[in-house]
Structures are given as structure tokens and as C-alpha cells.
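In our numbering, the protein residues as written are 580 to 669.
Using N, Cα and C, we set each Cβ at its ideal position, and we do this for glycine too.
Keep in mind it's a predicted model, so treat the numbers as computed, not measured.
Everything on this sheet refers to the single structure shown next.
Structure follows, in C-alpha cells:
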């Protein structure tokens with residue numbers, strides 16, 4: 580399993596979840612857990628995904644998600660679980 584942490588932040592708009600999930604499905608990335616909130620018009624989503632069956636590298640997935648975010652007006656970050664955990668240690 581190649582766990583990946585994906586965060587999506589930006590002004591709320593129709594279709595954000597659909598577009599991100601469609602990209603992940605097309606890339607053979609399975610969503611293991613998802614949490615999303617909207618606070619005063621701002622969208623925030625965090626996903627834990629398994630990219631183990633994807634033929635794409637973590638770098639390629641990250642770059643493509645970043646480009647998708649620019650298209651739809653949000654910021655999308657994608658990190659391997661180990662990197663995310665190291666960055667958020669206390």
C-alpha cells in the first residue's frame with residue numbers, strides 16, 4: 580500500500596469533490612478516508628488514499644493534482660504518508 584495524503588483548500592464551488600475524485604479514479608488511486616468541511620464559504624478537504632495500484636508516480640500524481648487545483652480554483656497538495664507524518668510531528 581502506498582498511502583498518500585491529499586489536501587484541498589479554497590473558495591467553495593460546485594464540483595470540487597467530483598473533479599478530484601474523478602481524477603483519482605482515472606489514476607487508479609483508491610480513497611481510504613475523506614473529511615471535508617465548508618466554513619464561511621471556504622472549502623477544506625483531507626483525504627487518505629492508496630496509490631499502490633496506480634501506474635503513476637507520487638510526483639506525477641502530485642503535479643497533476645496541483646494543475647487540476649489551478650484549473651478549478653483551489654490549492655491541492657499531495658504528499659506520501661511518511662513525508663506528511665514527518666512534517667507534522669510534535
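Within 8 Å, strictly: CB atoms of residue i and residue j
i           : j           : result
residue 626 : residue 610 : yes
residue 642 : residue 602 : no
residue 648 : residue 587 : yes
Integer-rounded CB distance, given that residue j should sit under 8 Å from residue i
i           : j           : result
residue 640 : residue 599 : With a Cβ gap of about 12 Å, residue 640 and residue 599 do not count as contacting.
residue 652 : residue 589 : 6 Å
residue 630 : residue 637 : 7 Å
Among the options, the one whose alpha carbon lies nearest that of residue i
i           : options               : result
residue 613 : 607, 596 and 619      : 596
residue 618 : 605, 650, 592 and 635 : 592
Length of the line joining the Cα atoms of residue i and residue j
i           : j           : result
residue 646 : residue 633 : 18 Å
residue 658 : residue 621 : 22 Å
residue 615 : residue 584 : 13 Å
residue 604 : residue 623 : 20 Å
residue 635 : residue 606 : 7 Å
Runs of alpha helix (DSSP H) lying entirely within the stretch 583-630, each at least 4 residues, in chain order = The stretch 583-630 contains these whole alpha helix (DSSP H) runs: 595-605.
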